[in-house]
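As they're listed, the protein sequences go chains X and D. Going by this note's numbering, 11 is the number at position 11 of the first sequence; the sequence numbering is gapless. Residues are numbered in this note's numbering as their position in the second sequence, beginning at 1, plus a constant of 364. See below for the structure under consideration.
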Amino acid sequence: MNSYLILEDGTIYEGTSIGAPKEVISEIVFNTSMTGYLEVMTDPSYVGQAICMTYPLIGNYGICFEDMESRGLWLDAFIVRELSEIPSNWRSENTIQNLLKQYAIPGIAGIDTRALTKHLRDKGTMNGMLTNKHYEGDELKEALERIKNYKIKDAVKIATEKNVELFPANDDDNLKTHKKVALLDLGAKRNIIRSLNNKGLDVVCYPSDAKAEDIIADNPDGIMLSNGPGDPKDNEDIIKEIKKLYDTDIPIFAICLGHQLMALATGADTYKLKFGHRGGNHPVKDIETGRVYITSQNHGYAVDMNTVNPEIAVEAYKNVNDGTNEGLRYIGKNIVTVQFHPEASPGPKDSEILFDKFIEMMEG
Amino acid sequence: MLNKDIKKVLVIGSGPIVIGQAAEFDYAGTQACKALREEGVEVILLNSNPATIMTDKDIADHVYIEPLTIEVAESIIEKEKPDSILPTLGGQAGLNMAMALSESGFLEKHNVKLIGTSAETISKAEDRLMFKETMDKIHEPVAASKVVKSIEDGLKVAAEIGYPIVLRPAYTLGGAGGGIAENEEQCRTILENGLRLSRVHEVLVERCISGWKEIEYEVMRDGAGNVITVCSMENLDPVGVHTGDSVVVAPTQTLSDKEYQMLRTSALNIITELDIKGGCNVQYALDPESFEYCVIEVNPRVSRSSALASKATGYPIARVAAKIALGYNLDEIKNEITGKTYACFEPMLDYCVVKMPRLPFDKFISADHHLSTQMKATGEVMAISSCFEGALMKAIRSLEQHVHGLMSYDYSYVDDKGLRKLISDTDDRRIWTVAEAMRRGMSAYEIHQLTKIDEWFIKKISNLLDMEKRLSSEALDENLLREAKHMEFPDRTIAKLQGITEEEVYELRKKLGIVANFRIVDTCAAEFEAETPYFYSDYNVDDEDIPSESGKKKVLILGSGPIRIGQGIEFDFCSVHSTWAFKKEGYETIIINNNPETVSTDFDTADKLYFEPLTKEDVRNVVDKEHPDGAVVQFGGQTAIKLSQFLTEMGVEILGTKPEDVDAAEDRERFDEILNETGIKRPEGCTVFTEDEAIEAAESLGYPVLVRPSYVLGGQGMQIAISDSDVREYIREINKIEQEHPILVDKYIKGIELEIDAICDGEDVLIPGIMEHIERTGIHSGDSISVYPARSISENAKNTLLDYTKRLAKALHVIGMINIQFIADGDDIYIIEVNPRSSRTVPYISKVTGIPIVSLATKIICGHTIKELGYMPGLQKDSGYYAIKMPVFSFEKIRGADISLGPEMKSTGEALGISKDFNEALHKAFLGAGVKLPKYYNMVITVKDEDKEDIIPIAKRFEAVGYNIYSTRGTYNVLKEAGVDCIRTRKVEQESPNILDLVLGHELDIVIDTPRDGASNRRDGFIIRRNAVETGVNVITAIDTAEALITSLENRKKNINLVDIAEI
C-alpha cells in the first residue's frame, strides 16, 4: 500500500506503508545509528516523534526482545529506506513489521531517507504527517495547517512508569555495594537500571510525579535523573521537585532530560537545536582531562551555556563537532549531569565509566 | 599538538607488489607523505618498487628506490640522518624492516625514533606469544593456540587442541605458508613450509574456528588515548577464507547492536592496551550462535582493510595516522570531507559497500581455485549502493572478468551432487554456485549449512535471482525497471532477459526518467554538509551531484580497475600523474575508478571522484551527468582503452590519439597496411578464427609459432606452439571465452627484445630511452628483466629502432603516449607489438631519466608541443645510470600454478636496481626482488637440450662462486664433460632419493630448470618447480635469467652506492 510522509513545509515523500495503517502527525527526526533500531524504537525519549533511520538497511537482524529499552514502543512512526524482509540472527524472535503492527505504529519504507535527512538538516526539525491517504487541494491545505499546529504534549507523563518499583542489584556478591539509588523515571531507558544493577546497586524507580520529600525519606545513597522526551520546559512541577533534590547533599547523576531539568531548576535556560543529536558517533570532550569519548545521543534540546551561572555550575563536557554543552558539574555539590547517554544501548559504551564515577560520588 | 622535534622522517614502503601486499600501501604511504610535508617535515622515502606514486620526487624530498634490506636502510639513515621513522605505513615489509633496525640497536645508536607506534607495541601485536599474553591480560579471548618452533612440537600441540587446526606462520605476508590441517599428514606439510617461510621460524597452531562469522574493525587512537572506530566490516565468507579473498561488506549487516558494541569495545580495549598511536585493524571470529568470539589477528599498522575502510567511509586513515605520529590528537585534526567536523568521531554510512577480490585464476587456469587462509587475490574492487544487491552487482561487473551478473557461468554439466560439492568447496565462483543451487531449489538454510555463509546474504542473492526470473517472464513496465535498476541490473542483462537490445532498455529508461543519480560519500550520513565531491550512483533518489560552474574544461580520466597480473599499479601511477597534469593545465578533472587500494581513488586526487564500475553503462551514467569536454583513455591500461569506442559513440571526444588509430594498432589487417606503408617488418603471421585455420596458418609459417587472442593485456592466452596439437589446445583455451576479435598466429623469432615508450605531439617524437630485455624473445615483456639503457645492440640497430618509432608514431597519428616492442635479430629489427597508450614501464623510465613522461604526454594531449615544453625531439641523452626492472612473482601463493615463464605474463610486481655501474644495478635489482643469495650454496641445474651448450659457462661461474651443483642425467653429462664438478641426481619419476628429496631437503638456493616449448613438454618438471617455489627456492626457467643471476652474485658487495632519485 502506498504511504505518504507530508512535512509541514509541504514537502511530500511517497513510499510503501509498513506497520499499522494509521494516520499520525508527529515531529520528524533522524537517527544515524547503523545498528540498534529496536533500542531506538523502545526508547521512551521518542514520545511524540517519528524517526527516520539514515542507515538504509533496517531490520537485518530481526527483533531480539531482550534488547528492548522499555516495555513497549514509544515512537509515533518509523521511517526507513529498505526494511529487511529476511532477518537473520541467532537471537531474532520476530520482525519489525510484526512489532509495528502489534503496537499499532505506522511506518513508511522505500522513501529517499537521505533526501529527508538533508531536508531536516537544512531546514531544521519539523512536523510531519504519515498517512496512507493521498491528500490534494484543500484537503492538503487543511492537513498542513494541522501538521503545523502539532505540539508534543505531556510527553514525560506518557513515558514514565506509573508506580514505584525496586530493581535489586545483580546477584553477584563481589559486586554488591549495598547502596541504593533512587531513579526518577522521566522516560528511563532500561539500560540505565541494568547498568546500575550490574554495578551492584539497588535501584528504586519513581514515577515522574514523585515528590522530592518521598524520595529523600527513603534515604537513597544517590539519585539518578533519567532521560526522557519532549521540551524540558514543559515540566515545571518536576523542575520544582528537582530543585528540592538539588538542595540536599545526596549525590546526583543525571542523563539527558534529567541534565536539562537540573539546569532549569538552578536558573539556567534551554533551547531547541536545529536538528538535534541522534546517533552513536558524537564526540564529547571531558573538559577537565581533555579526553574525548564517542557517545550515544538522543536529544533535540540543549542547555544554553550562556545562561549557566558560573557560581552554580561549570561546563564539564562539550560536543567536539558543534561546541554545544554536553554536561555540567555543580559547584559545591555532589552533582554531575550529562547530555549524552553513558548507558549506550544503542551505541558505544565508552562513557559507561560515568556510572563508576557515580558510585565514587556516593562513596564520598 | 605538533611535536616540533620531528623534522626529518624516513618512510619505508612495502616493496614490490605481491599477493597480500598490493597498491594499498602506495595509497597509504602517499597520503602519509603528503600529510607529513604539509606540516613542514622533510620526508625521505625508501621503497624498491619504482611503479609507486610514493617514490615520486613530488611526494618525498629524497627518494631511494633501493632494495629493502637492513644494510640499505642503515646506509640511508647514516647518509640522511633522519630523526624519526614512521614504520606503520609501509605494510608488513616496512614494519618488519623498522623492527629489525630497532631490535639491533641501530636506531638508538643513531638517535632515530619510531614515531606513531613503538617497537614494543609492534612486538606485542606481531609476536604470537606476546600477543596472546597481552590478550590474556585484558581478558580478550583468542582461539586456543600455541606457538611452535618445530614440526614435532606442532604435531603434539595439534593433537592436544584437536583437528581441524589452523596453522599461521609468524611475520609473513597475506598468511603465506599458513592453512587449515584436517589431519596429521596435512599438518606436517603445512608446518614444514610455514616454519621455513616465517622470519622467526615460528608457527602458531590454533583451534579451528572456521565457519564462524569473520568481522573486522578499523580503529584509531591518538597520543592522548582517544579511541574511535572508523569502520566495521563483515566478511560474507566465514572464517577460513582469508579476508583478502573474501567478499567483504561494510558496515556489518547481520550483527545486532549488542554484538556490534561488544566487538567494538573489545577492539578499543585492544588498541588501548597495545598503546597504538595511529591506525589498527582487529579481526574477529564470532560464533554465529552465541556471543562467543575470538580475536583472530591485530595489525598495528595501515593495511588492505584500512584502505578499504578509508574508501568505504571517506575517512582518510593513513593521513590521520601520520598526523597522530606527528603529535596531533584526533580532536585537533580536521575532517577534510566535511571541512566542519574533526577526525575524532565515527563515520556513519547511509549506503552499503561490497568489496570483491580479483583472483588470478584467469591467468593460472590449472591452479587450485580453492580459497583458504592463504590469500590468492592480486587486487580488489569496491562498489557502493543503497542496497546489498546493488553493491554486489556493481562489484561483480567491476571485476572485468567477462561477468555481468549471476548468470554468467554454465553449470549445466554439473549434477546436483556435484553442485553440493562445489558449494562446500569454497572457491572463486562460490557466489555463482550458490545462485545456481538456489535456482535448482536448494533452500537458503541448506546452503548455509554447506557454506556457513549467513542466510541474510544467501537470501539477498535469492532476491537477485527472483529479479532475473521476473525480468525473463514479465513485461518491462516502469515499476519492474525501477526495481531492477535499484538492484543494479545492467541494461545488457535486462535486455538479454527481455529479448530486446541494450539500447532499447537505455532509451526506455531515459523516457521514464529512470536514470542513475549520484550521491555523496560524506562520512556522516548527511548529518553535516560535505565539501568533498566523492560520488556513487543510485537509482530512484534525488541527485546530489551538481555539475560545477567553474567554467573550466572538464576531462574524464578513466582508471584501470582492479590490480591484476598484467595491469598493475603502474597504470594508477599514470592515471594520477595525468590527473595532476590536467589540473595544472586548468582542467576540471573527473576520475572514474573502482579500486579501493589506489591513489587515484583518494578523495583529493581529482576534482571529482566517481567510485563506479568501468563498463559502458556505468561510464555513460557519469557522461550523461557531467558532459565532459573530453576523455583520456591512454593512461588507464586496457580497461580504459576498451571503453574508447563507447565514449566516442556517446559523443565524448577522446583526447590524444584517436580511437580509430588505437584500433589500427590492434587490428591485424589495418596494422599490416601501416607496416607496409612505413616499410617496417614484423614476424610473419595470420589472423584466424578456427582451429583448422590456425593449424593451416602454423604449418605455412613453420613451427614454432606464437598463438594469441587480439585485444588482450599482459599476453593473456599467448603461447608458443611447436606442434599441431599445441595449436589445437591453445585455440580451445582461448575460445573458452567468447572472442569478439580474431586470433593471431605469428612466426616466432628468437632475438633480443627491446622496448620504447615515446611521446608524440603529431609532429615530433620524444624518446626518453631504450630498454632491453635480458631474456630473449618468448618471455612476456612484463616478466623479463628490463635494462635501461639498452647495451647490447649495434648503433645501426638503434638507429633503425628510433626511425621505426618515429614512423609508427606518426603513421598512427599518436598524440601522447606510445609503447613499442621490438625484436632485434642482429641488425634486423622486427616489430612485435604497438600499444598507442601508456605502458607498464613508464613509471620506471620516468624516474630513472628524470623526464616526467605522463605529465609531458598530458600537456601534449592538451595541445602543447614537445619543443614548446622545452624538450628536444628524438632520443634523450642517457641519464648516466643503469636502471634494471626486475619482475617479482607470487607463485608460492597460487597452488598448482605453473611457474615457468613464457609469452603470457605471470609476475605481480617489480623492483628496481639503479646504479652508475651495470653489475651493481643488476645486483640491486635481484636484491630488491628478494633474491638474497648465496645461503646454502646448493643448486640444481636441469636444462632443455637447446640450452645445454649455453649452460656450461654459467654453471662454471656458479661453481666459481662456491655452488654445489646437482643435475639430472642429461645436464649432468654435459656439465661433467665440460669439466664442471657436479653431482648427479635422479629424476622425480625415478626412485627416491631423487631430485624432489633434494628440493624438500630445504637446503637449496636455486633451481635452474628450463622447460622445452610446447604444451606437453611444459608439464615436465612441473612438480619440481612447484615444490621448489613453495619451499622458498629461487626457480629460474630461462637461461638468460640464470646468466643475469650469476653476474649479480659475482658482483655482490656489502656497501652499495645509494641513488637519490630526486636528484636525477
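Glycine included, every Cβ here is placed at the ideal spot set by N, Cα and C.
Contact check between the region 203-217 of chain X and the region 114-127 of chain X: fewer than three CB pairs, one atom from each, fall below 8 Å, which does not count as touching.
Non-local beta-carbon contacts of residue 707(D) in its own chain, meaning distances under 6 Å to residues more than five positions away in sequence, involve 684, 694, 697 and 699 in chain order.
For residue 159(X), the closest Cβ of chain D is not nearer than 8 Å.
Cβ contact annotation for residue 643(D) (same chain, cutoff 6 Å, sequence separation greater than five): 584, 666, 670, 681 and 685, in chain order. Using a 10 angstroms sphere on the CB of residue 247(X), the tally of other CB atoms stays under 16, which defines it as exposed. When 7 Å is used as the limit between beta carbons, residue 694(D) is near these residues of chain X: 292, in chain order. The beta-carbon of residue 576(D) is placed no less than 8 Å from the nearest beta-carbon of chain X.
Within the same chain, 683, 686 and 687 come within 6 Å of residue 399(D) by CB-CB distance, once the 5 residues on both sides are set aside. The continuous alpha helix (DSSP H) containing residue 1325(D) extends over residues 1312-1325. Distance between residue 118(X) and residue 218(X), taken at the CA atoms: about 49 Å.
For residue 263(X), the nearest beta carbon of chain D is not closer than 8 Å to its own beta carbon. Annotation for residue 972(D): 897 and 954 place their beta carbon closer than 6 Å to its own, counting only its chain and skipping 5 residues before and after. Close to residue 82(X), with beta-carbon spacing below 7 Å, are these residues of chain D in chain order: 751. Neighbours of residue 349(X) in chain D, taken as residues at a C-beta separation under 7 Å, are given in chain order as 625 and 629. Annotated three-state conformation of residue 429(D) is coil, per DSSP.
The C-beta of residue 114(X) comes closer than 8 Å to at least one C-beta of chain D. The Cβ-Cβ distance between residue 745(D) and residue 926(D) falls below 8 Å. Below the 7 Å Cβ cutoff, chain D contributes 820 and 823 as neighbours of residue 86(X), in chain order. If you draw a straight line from the Cα of residue 441(D) to the Cα of residue 433(D), it is about 12 Å long. Within the same chain, Cβ atoms closer than 6 Å to the Cβ of residue 510(D) are found at 521 and 569, the five residues on either side in sequence being excluded. Taking the Cα positions, residue 1197(D) is about 13 Å away from residue 1165(D). If you check each beta-carbon in the region 118-134 of chain X against every beta-carbon of chain D, the ones closer than 8 Å belong to 118 and 121. Below the 9 Å Cβ cutoff, chain D contributes 620, 621, 622, 624 and 625 as neighbours of residue 36(X), in chain order. Residue-level contact by beta carbon fails for residue 75(X) and chain D, as no gap is shorter than 8 Å. Taken in chain order, the complete beta strand (DSSP E) segments of 3 residues or longer contained in the region 1330-1394 of chain D are 1346-1348 and 1370-1374. The straight-line gap separating the alpha-carbon atoms of residue 604(D) and residue 596(D) is approximately 19 Å. Runs of the alpha helix (DSSP H) lying entirely within the region 117-155 of chain X, each at least 4 residues long, are 137-149 in chain order. C-alpha of residue 1137(D) to C-alpha of residue 1404(D): approximately 10 Å in a straight line. In this structure, DSSP gives residue 443(D) a helical state, which the three-state scheme calls helix. With 16 or more other Cβ atoms inside 10 Å of its own Cβ, residue 61(X) counts as buried. For the alpha helix (DSSP H) assignment, the uninterrupted runs of no fewer than 4 residues enclosed by the region 570-649 of chain D are, from N- to C-terminal side, 621-637.
Residue 1398(D) is bridged by DSSP to 1370(D). In the three-state scheme derived from DSSP, where H, G and I count as helix and E and B as strand, residue 103(X) is classed as coil. Every beta strand (DSSP E) stretch that sits fully inside the region 741-769 of chain D and reaches 3 residues is listed by chain position as 743-749.
Chain-ordered, the chain D residues with CB closer than 9 Å to the CB of residue 67(X) read 620, 621 and 622. Straight-line measurement puts the Cα of residue 1425(D) at about 10 Å from the Cα of residue 425(D).
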